[in-house]
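Numbering (the working numbering), first residue to last: 94 to 162.
What follows is the structure in structure tokens.
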């Protein structure tokens with residue numbers, strides 16, 4: 094879903110960077126795009142499942158969301 098959102102919310106022709114790694118404690122995936130971005134409060138609400146992303150995009154900002162597995 095993270096990659097799908099990166100594609101959906103990024104401007105056409107932009108670069109989406111996907112990276113991953115692991116260590117003895119955890120594995121991680123990083124998806125970096127140039128989509129609409131979020132402020133800290135919106136990010137916290139989104140991660141708690143209390144906020145959805147608006148459809149209107151501000152293509153000048155950048156959003157980073159890292160997931161730990």
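No residue lacks a Cβ here, since even glycine has one placed at the ideal position from N, Cα and C. From a predicted model like this one, the values you see are computed outputs, not experimental measurements.
> Can the beta-carbon of residue 112 be found closer than 9 Å to that of residue 123?
Replying inline: What you label residue 112 is simply residue 19 of the chain shown in a count that begins at 1. What you label residue 123 is simply residue 30 of the chain shown in a count that begins at 1. Yes; because the gap between Cβ atoms is below 9 Å, this pair is in contact.
>> In the DSSP assignment, the beta strand (DSSP E) including residue 122 goes from what residue to what residue?
In response: The count along the chain shown starts at 1 and reaches residue 122 at position 29. Where residue 122 is concerned, the enclosing beta strand (DSSP E) stretches over 120 to 125.
> Could you give the C-beta distance for residue 103 and residue 128, rounded to a whole number, given that I count them as a contact under 8 Å?
Replying inline: Taking the first residue of the chain shown as position 1, residue 103 is located at position 10. Taking the first residue of the chain shown as position 1, residue 128 is located at position 35. That pair is a contact at about 5 Å.
>> In the DSSP output, what is residue 113 paired with across the bridge?
In response: The sequence position of residue 113 within the chain shown is 20, counting from 1. Partner(s): 122.
> Just how far apart, CA to CA, sit residue 106 and residue 125?
Replying inline: In the chain shown, counting from the first residue as 1, residue 106 sits at position 13. In the chain shown, counting from the first residue as 1, residue 125 sits at position 32. Their backbone Cα atoms lie some 14 Å apart in a straight line.
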